[in-house]
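Data block below; observations after.
Protein chains in written order, with our numbering: chain A, 1 to 334; chain B, 1001 to 1211.
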């Protein structure tokens, strides 16, 4: 597959250079490492630092701005950034009220962010973390700490940004974000593999007439390979997995994110959302807000995910906080 | 053939190991593509290249452990991914809290690997049988302790064999960590890329000492 790149070894530095200079009104680069700072970051609150492997743009690198991350760290493609890059970026962004890291729950990210926290603590900087683990079919509920983080990360970053904006302590901010994680579930489906720049083979193999339920954002195997079917039938299966894991009662309120993985179009995503709304209506569940877009991508992978965030007063208050970055902007409560 | 490694020997050995890993990049990529992201070879080769550069730029030292610490930190602070922390820790933890020494003998190297193993198991929570690099590192470290009195070369020969057997044993295992975990039984039949790197590192140490 053709990719618009130069030398493979320069992909990440060139990505960061282009990303920062295209958004130089809002972004600046951290000297010496692949970290990005939001220029307008507030100094009177906990600093939110997000990050992970590259290749999923606009998440995470781009989700820094008002009411979102204060800084982001970019690893190599699909690989966590190193502890030096993470701790240097966090120190550059820190405003004296502690650092909250929010990142996907993967072995590599956990090891590197943990080590960065140790480095910061040695330097007298308070740091804590919340791991994104919204993929509700990636591990059973008994092993909920093994679940991967996927597109629900968009909502996690937004609500973590809002929690930081409230001006709470690091401990209380972390608690708010953990509460969000408890009420967020996502399931994905793959219809075609992605192609990583610099590698010859696609990320996985899938027959022309096949789909895979629950496949991860890096092509991790899901729960069931099946034949391609009409959109409504795919959504019905996906929805059933979410409500099995997080039951929804009539009268409850939710926010929905239908996220494309890269090669799936707004046309298809809209058709999928339409079915999600029908199912929620039938269950008597109220949609507070919805979003149909491609924020957490996997290069040219085809497919999408459905994320459902169950609201209570606390989460609603966070959701109503306005936010802005070049890739994601919400007015909050009108 | 050497029976102890002075500071320069340690530098040359780490450079030699690094070159062997860099040479094995296509092989490691192939092994990792079967059950992982396919980026293990790229990551390891990049980290080893950084280790070489930092060793070349080191201030003069009389402490051989400093060479391993420098190489490990270079890997830790450049690679990213799980292997950056794990393989960086392998060199760093081995050297940590060791009183300075200008020459390392077989017993010193054996002790380094024991410390590396303990640190990696603590950080990564993996045990033998989980289909990780620990499956090669633990038997290799044990073999070193058991054979350290036979001299450097004999000790490394035993460790190389143990690491190789450990690497082979990962083929029959289900993975407990990383991307291969979600493959479940589909990971059977494929060896762990991290265990493969451990084998290459120890084999290269043996080759360096032998020649």
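Don't be surprised by glycine CBs; every beta carbon is placed ideally from N, CA and C.
From the DSSP output, read off the bridge partner residues of residue i.
{"i": "residue 1104/B", "result": "1005/B"}
{"i": "residue 128/A", "result": "100/A"}
{"i": "residue 135/A", "result": "186/A"}
{"i": "residue 212/A", "result": "190/A and 225/A"}
{"i": "residue 328/A", "result": "325/A"}
{"i": "residue 42/A", "result": "BP columns for residue 42/A are empty, so no partner."}
{"i": "residue 304/A", "result": "189/A and 260/A"}
{"i": "residue 255/A", "result": "289/A and 309/A"}
{"i": "residue 52/A", "result": "74/A"}
{"i": "residue 64/A", "result": "69/A"}
Any heavy atom of the ligand MG closer than 8 angstroms to the CB of residue i?
{"i": "residue 213/A", "result": "Although the ligand MG was asked about, the structure shown includes no ligands whatsoever."}
When you compare only the Cα positions, how much space is there between residue i and residue j?
{"i": "residue 152/A", "j": "residue 309/A", "result": "8 angstroms"}
{"i": "residue 69/A", "j": "residue 274/A", "result": "30 angstroms"}
{"i": "residue 71/A", "j": "residue 159/A", "result": "15 angstroms"}
{"i": "residue 1170/B", "j": "residue 1035/B", "result": "12 angstroms"}
{"i": "residue 1038/B", "j": "residue 1031/B", "result": "8 angstroms"}
{"i": "residue 1109/B", "j": "residue 100/A", "result": "40 angstroms"}
{"i": "residue 1046/B", "j": "residue 94/A", "result": "30 angstroms"}
{"i": "residue 287/A", "j": "residue 268/A", "result": "20 angstroms"}
{"i": "residue 298/A", "j": "residue 16/A", "result": "17 angstroms"}
{"i": "residue 222/A", "j": "residue 1042/B", "result": "26 angstroms"}
{"i": "residue 116/A", "j": "residue 251/A", "result": "43 angstroms"}
{"i": "residue 1131/B", "j": "residue 1176/B", "result": "7 angstroms"}
{"i": "residue 248/A", "j": "residue 182/A", "result": "14 angstroms"}
{"i": "residue 1116/B", "j": "residue 285/A", "result": "54 angstroms"}
{"i": "residue 1008/B", "j": "residue 1146/B", "result": "27 angstroms"}
{"i": "residue 323/A", "j": "residue 1/A", "result": "36 angstroms"}
{"i": "residue 1178/B", "j": "residue 1075/B", "result": "19 angstroms"}
{"i": "residue 104/A", "j": "residue 1166/B", "result": "31 angstroms"}
{"i": "residue 10/A", "j": "residue 76/A", "result": "10 angstroms"}
{"i": "residue 133/A", "j": "residue 1071/B", "result": "34 angstroms"}
{"i": "residue 1090/B", "j": "residue 81/A", "result": "19 angstroms"}
{"i": "residue 96/A", "j": "residue 20/A", "result": "25 angstroms"}
{"i": "residue 1192/B", "j": "residue 311/A", "result": "43 angstroms"}
{"i": "residue 1065/B", "j": "residue 40/A", "result": "45 angstroms"}
{"i": "residue 314/A", "j": "residue 53/A", "result": "31 angstroms"}
Since residue i is in the beta strand (DSSP E), which residue starts that stretch and which ends it?
{"i": "residue 1203/B", "result": "It is not in any beta strand (DSSP E) - residue 1203/B instead sits in the alpha helix (DSSP H) that spans 1193-1210."}
{"i": "residue 1178/B", "result": "Careful: residue 1178/B lies outside any beta strand (DSSP E) and carries neither H nor E."}
{"i": "residue 73/A", "result": "71-77"}
{"i": "residue 29/A", "result": "27-29"}
Three-state secondary structure (DSSP) at residue i?
{"i": "residue 285/A", "result": "coil"}
{"i": "residue 34/A", "result": "coil"}
{"i": "residue 154/A", "result": "helix"}
{"i": "residue 173/A", "result": "helix"}
{"i": "residue 1151/B", "result": "coil"}
{"i": "residue 1128/B", "result": "coil"}
{"i": "residue 1113/B", "result": "helix"}
{"i": "residue 248/A", "result": "coil"}
{"i": "residue 1096/B", "result": "coil"}
{"i": "residue 1066/B", "result": "helix"}
{"i": "residue 47/A", "result": "strand"}
{"i": "residue 59/A", "result": "coil"}
{"i": "residue 148/A", "result": "coil"}
{"i": "residue 1188/B", "result": "coil"}
{"i": "residue 1165/B", "result": "helix"}
{"i": "residue 5/A", "result": "coil"}
{"i": "residue 181/A", "result": "helix"}
{"i": "residue 338/A", "result": "The requested residue 338/A does not occur in the structure, where chain A is confined to residues 1 to 334."}
{"i": "residue 316/A", "result": "helix"}
Could you pull the start and end residues of the alpha helix (DSSP H) that residue i belongs to?
{"i": "residue 112/A", "result": "107-122"}
{"i": "residue 1031/B", "result": "1025-1035"}
{"i": "residue 21/A", "result": "11-22"}
{"i": "residue 88/A", "result": "83-93"}
{"i": "residue 218/A", "result": "Segment: none, residue 218/A is in no alpha helix (DSSP H) and carries neither H nor E."}
{"i": "residue 1053/B", "result": "1040-1056"}
Please name the residues in the segment 51-76 of chain A whose beta-carbon is closer than 7 angstroms to at least one beta-carbon of chain B, in chain order. 75 and 76
Output needed in chain order: residues of the segment 292-314 of chain A with a Cβ under 8 angstroms from some Cβ in chain B. none
Give the residues from the segment 216-235 of chain A that approach chain B closer than 9 angstroms (Cβ to any Cβ), ordered along the chain. 216, 218, 219, 220, 221 and 222
Along the segment 97-125 of chain A, what residues have a CB closer than 7 angstroms to any CB found in chain B? 107, 108, 111, 112 and 115
Taking a Cβ distance cut-off of 9 angstroms, strictly less, list which residues of the segment 1175-1186 of chain B are near chain A, in chain order. 1177, 1178, 1179, 1181, 1182, 1183, 1184 and 1186
Taking only beta carbons into account, state which residues of the segment 1024-1041 of chain B come closer than 7 angstroms to chain A, listed in chain order. 1033, 1037, 1038 and 1039
Compile a chain-ordered list of the residues in the segment 1118-1150 of chain B whose CB is closer than 9 angstroms to at least one CB of chain A. 1123 and 1124
Residues of the segment 139-155 of chain A whose Cβ lies closer than 9 angstroms to any Cβ of chain B, in chain order: 139, 146 and 148
Which of the residues in the segment 1062-1077 of chain B, read from start to end, lie with their CB under 8 angstroms from any CB of chain A? 1076 and 1077
Under 7 angstroms (Cβ pairs) to chain B, residues found in the segment 180-214 of chain A: 199 and 201
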